[in-house]
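251 is the number that the working numbering gives the last residue of the sequence shown; the numbers go up by one with no jumps. In this text, a Cβ means the ideal position worked out from N, Cα and C, and glycines have one as well. All remarks here apply to the structure that follows.
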Amino acid sequence: MRQELQSLPKTLAEDVAKNLVMVARLIDEDPEGAYGYSKVALRLASRVAAVREAAGFAAYANQKYAEALAEFRAARRMTGSVDLWPVMADCERGLGRPEKALDMAGAPEVHKLDKAGQVEMRLVAAGARRDMGQLDAAIVTLQSPELASNSVQPWTARLRYAYADALLAAQRVDEAREWFAKAVETDRDGSTDASDRLAELDGVEFVDALDEEIAEEAAEETREETEVADDTEAEAGTKTVAESEANPESEAKAEFEAEQD
């Protein structure tokens, strides 16, 4: 990216770089914010491949799949790289075209991907099969040497998770539980919710400490409000008795009228 920005005037390059940094920083926690910064970078340097790629990922994070696909295609034309091929195929899924994603999974470009890219393409293809209601085919698609390997790679947890999820969707619960457990073993950075899914299958229910604290505070407020209401009611009753005692004629008159009725 730095090399690409060197083609720009220094001040412009610095402005573009700042916006790209913000895209990378916000894309997980605040995708809308990241998208805003990507649009600024795009206005400043639309002919820089790194900018088009960043804009693509920002749009993708906001489920703007048509826009993301257009940016990824532009970046690919500029660089000639196939690295974006899997995410481009996933955009086709997002646009409701799983058949197109499967076509891309069988294209020659896949053979040019590194191992991580090929695993990502396998995940996308399995997802496309599930989109089409082909659960058994999705399960078979995920069965691979990478899935069976005992070595832990950056993609291992996600691959095992996808396999477990597909098994569960096919009502193969025992196998799904086994693979969710295997995903938990390798999910060191919490990239999936495999532990939650495993606990759900085991019937374990977690209580959020923060939710519990909020509930206790709400209960305390209710108790205080009840006590105040009781005090107010008691005070009103005392006042009524005092007023009656201070004006016995009025009380007698009220009793007489009640008897007449």
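Item                                                                                                                                                       : Value
Which of the three DSSP states, helix, strand or coil, is assigned to V11?                                                                                 : helix
If we ignore side chains and look at the alpha-carbon of each, how far apart do A271 and A106 end up?                                                      : Shown here, the chain extends from -9 to 251; a query on residue 271 therefore has no answer.
Suppose the cutoff is 6 Å on Cβ atoms and the five residues either side in sequence are ignored; what does the same chain contact list for D164 look like? : none
Contact defined as beta carbons within less than 8 Å: I believe V6 pairs with V41. What is the distance between those atoms, to the nearest angstrom?      : 6 Å
Pull up the CB-CB distance for L(-5) and V30, whole angstroms please, since I reckon it's below 8 Å.                                                       : About 15 Å; that fails the 8 Å criterion.
Thinking P88 and A118 are a contact (beta carbons under 8 Å), I'd like their distance in whole angstroms, please.                                          : 4 Å
So A48 packs on V13, CB below 8 Å; how close in whole Å?                                                                                                   : 6 Å
Below 8 Å on the Cβ atoms is my contact criterion, and I expect G152 with T176 to pass it. Report the Cβ-Cβ distance as a whole number of Å.               : First, the amino acid is wrong: residue 152 is Ala here, not Gly. Incorrect: roughly 13 Å between the Cβ atoms, too far for contact.
With a 10 Å radius around its C-beta and 16 neighbouring C-beta atoms as the bar for buried, classify T131 as buried or exposed.                           : buried
Between E61 and N52, what straight-line distance do the alpha-carbon atoms span, to the nearest angstrom?                                                  : 14 Å
Is the beta carbon of S134 sitting closer than 8 Å to the one on R112?                                                                                     : yes
Can you name the start and end residues of the alpha helix (DSSP H) that W75 belongs to?                                                                   : W75 to G84
In chain order, what residues of the same chain lie with their CB nearer than 6 Å to the CB of R120, ignoring the 5 residues before and after it?          : A128
Distance check for L(-2) and D80, CA to CA, integer angstroms please.                                                                                      : 32 Å
In whole angstroms, what separates the C-alpha of Y25 from that of L34?                                                                                    : 14 Å
Buried or exposed: I253, going by 16 or more other Cβ atoms within 10 Å of its Cβ?                                                                         : A query on residue 253 cannot be resolved here, the shown segment of the chain reaching from -9 to 251 and no further.
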